[in-house]
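Before any comments, here is the structure.
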Ligand code: TRH
């Protein structure tokens, strides 16, 4: 089938990250023909830069405006149109769909949530005045919802020297053999200075990899620069491609992630993590986090449950760091559990099945 994916980058990288991951799976695993129309191609290209050319070349990356000309090329009509995260289709593109002899279906790809209500809403049609059906597709963890984006599934295992991405070679040469490794990708509101100071006070050697822009964003080296003991080493990494970022997660002992794509990747990396969920004004994010933790911690001991909830809600590391090895074992099991639950191919496969 032919797929048109519409991606508007409101802020951050999540919209592009999810659209790109979906597009590559549809194309490289399921042999679908995919076009992405995006209002910020440089960001999309940056994320996509890590994949093999043969994969990238098969996906047609187009600027948002070029979808307008589609109205004059009904022959290129897609079978499926994806509105990622409720972005509005351009009017002229929509007008082109009206004159198509066979109408495509429109799918609104929603945000990922572990909340139980998602199951009731997943796959429902919403009546449109223009008459082309539009369906709501909810990614998620439960069997009856839209699944997760798994591709590429990270390999478990140790560092393979040749696999260190070029952009990270300098950073990797500074890592200490006897240090734990933590990656940090969070929103500006995180109490990171306090958190790092507390972590340092535990006396362990820890190397902290700060995602691009974080040192500045968190004002770590600002007017009141953070002063940390030598056991904690802060290293800033450049903005890397999505594949390289996935690799970093798999190489760390602990990850701080955010949004929804890095959140799923941290789980697939099979390592303990803090999900710094995107804060929403009505505090809806707290309900979302709780729903995920209900699933994630369903089978763990009460002790580990409390430690994980504490960590996920930014309690200081001194309160839960002692449970890290138990958490590590659970993270590995959770990874296996996810892969088993999504053995049908996860989101792209469920989407194709749904459309068919
Ligand atoms: O960037 P995000 O905060 O995006 C978020 C989410 O999509 C959220 O749901 C949405 O509501 C909000 O934006 C507006 O976090 P996320 O989803 O983890 O996306 C980050 C993407 O960037 C992910 O695909 C990984 C990628 N990435 C790189 O490719 N290179 C990097 O160096 C880093 C740090 C991330």
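Residue numbers (our numbering): 24 to 379. Here a beta-carbon is modelled for each residue, glycine too, at the ideal position from N, C-alpha and C. Quick caveat, the model's predicted, so the values are computed rather than measured.
Where residue i and residue j are concerned, what is the direct C-alpha to C-alpha distance, given to the nearest angstrom?
i: residue 353; j: residue 189; result: 32 Å
i: residue 288; j: residue 117; result: 34 Å
i: residue 36; j: residue 56; result: 24 Å
i: residue 207; j: residue 125; result: 48 Å
i: residue 34; j: residue 350; result: 32 Å
i: residue 244; j: residue 235; result: 14 Å
i: residue 203; j: residue 316; result: 25 Å
i: residue 62; j: residue 324; result: 46 Å
i: residue 153; j: residue 331; result: 48 Å
i: residue 74; j: residue 358; result: 23 Å
i: residue 165; j: residue 278; result: 24 Å
i: residue 258; j: residue 194; result: 7 Å
i: residue 375; j: residue 363; result: 19 Å
i: residue 347; j: residue 225; result: 13 Å
i: residue 264; j: residue 185; result: 17 Å
i: residue 269; j: residue 40; result: 11 Å
i: residue 31; j: residue 89; result: 14 Å
i: residue 149; j: residue 187; result: 47 Å
i: residue 366; j: residue 76; result: 27 Å
i: residue 286; j: residue 99; result: 35 Å
i: residue 326; j: residue 139; result: 25 Å
i: residue 119; j: residue 303; result: 36 Å
i: residue 321; j: residue 360; result: 12 Å
i: residue 147; j: residue 309; result: 25 Å
i: residue 328; j: residue 237; result: 29 Å
i: residue 46; j: residue 251; result: 43 Å
i: residue 212; j: residue 122; result: 48 Å
i: residue 25; j: residue 130; result: 13 Å
i: residue 233; j: residue 200; result: 18 Å
i: residue 305; j: residue 191; result: 39 Å
i: residue 242; j: residue 151; result: 47 Å
Who are the near neighbours of residue i in its chain, counting only those whose CB is closer than 6 Å to its CB and skipping five residues on each side?
i: residue 216; result: 249
i: residue 210; result: 281, 299
i: residue 198; result: 230
i: residue 135; result: 162, 283
i: residue 13; result: Since the first residue shown for the chain is 24 and the last is 379, residue 13 is missing from the structure and cannot be characterised.
i: residue 271; result: 206
i: residue 369; result: 170, 171, 173
i: residue 340; result: 221, 222
i: residue 72; result: 264
i: residue 355; result: 293
Which whole-angstrom value describes the C-beta separation of residue i and residue j, a residue pair presumed to lie in contact below a C-beta threshold of 8 Å?
i: residue 311; j: residue 297; result: So it is not a contact: roughly 15 Å between Cβ atoms.
i: residue 373; j: residue 170; result: 5 Å
i: residue 294; j: residue 266; result: Rounded, the Cβ-Cβ distance is 17 Å, inconsistent with contact.
i: residue 141; j: residue 160; result: Their Cβ separation, rounded to whole angstroms, is 10 Å, which puts residue 141 and residue 160 out of contact at 8 Å.
i: residue 60; j: residue 38; result: Actually they do not touch by this definition, with Cβ atoms about 12 Å apart.
i: residue 107; j: residue 69; result: Not a contact, Cβ separation roughly 17 Å.
i: residue 176; j: residue 291; result: 6 Å
i: residue 314; j: residue 137; result: 4 Å
i: residue 67; j: residue 43; result: 6 Å
i: residue 274; j: residue 182; result: 6 Å
i: residue 112; j: residue 84; result: So it is not a contact: roughly 18 Å between Cβ atoms.
I'd like the list of long-range same chain contacts for residue i, defined as Cβ closer than 8 Å, with 5 residues on each side in sequence excluded.
i: residue 214; result: 337
i: residue 333; result: 342, 343
i: residue 128; result: 102, 103, 104, 155, 156, 157, 158, 378
i: residue 50; result: 56, 57, 78, 81, 82
i: residue 91; result: 113, 115, 116
i: residue 54; result: none
Opposite residue i in the DSSP bridges: which residues?
i: residue 148; result: 158
i: residue 131; result: 106, 159
i: residue 29; result: 60, 106
i: residue 207; result: 233, 279
Give me, in chain order, the residues of the same chain whose beta-carbon lies closer than 7 Å to that of residue i; leave out the 5 immediate sequence neighbours on both sides.
i: residue 255; result: 219, 222, 223, 229, 231
i: residue 52; result: 174, 371
i: residue 262; result: 69, 235
i: residue 179; result: 293
i: residue 48; result: 172, 174, 371
i: residue 335; result: 297, 298, 312, 316
i: residue 227; result: 203, 254
* **alpha helix (DSSP H) runs contained entirely in the region 223-298, provided each spans 4 or more residues** => 237-240, 265-274, 284-291
* To do: Taking only runs that begin and end inside the region 69-109, name each unbroken alpha helix (DSSP H) of 4 or more residues, in chain order.
  => 76-80
* Asked: Can you list the alpha helix (DSSP H) stretches of 4 or more residues lying completely in the region 299-355, in chain order?
  -> 307-319, 325-335
* Just list the alpha helix (DSSP H) runs in the region 158-199, keeping only unbroken ones of 4 residues or longer that don't cross its boundaries, in chain order. => 192-195
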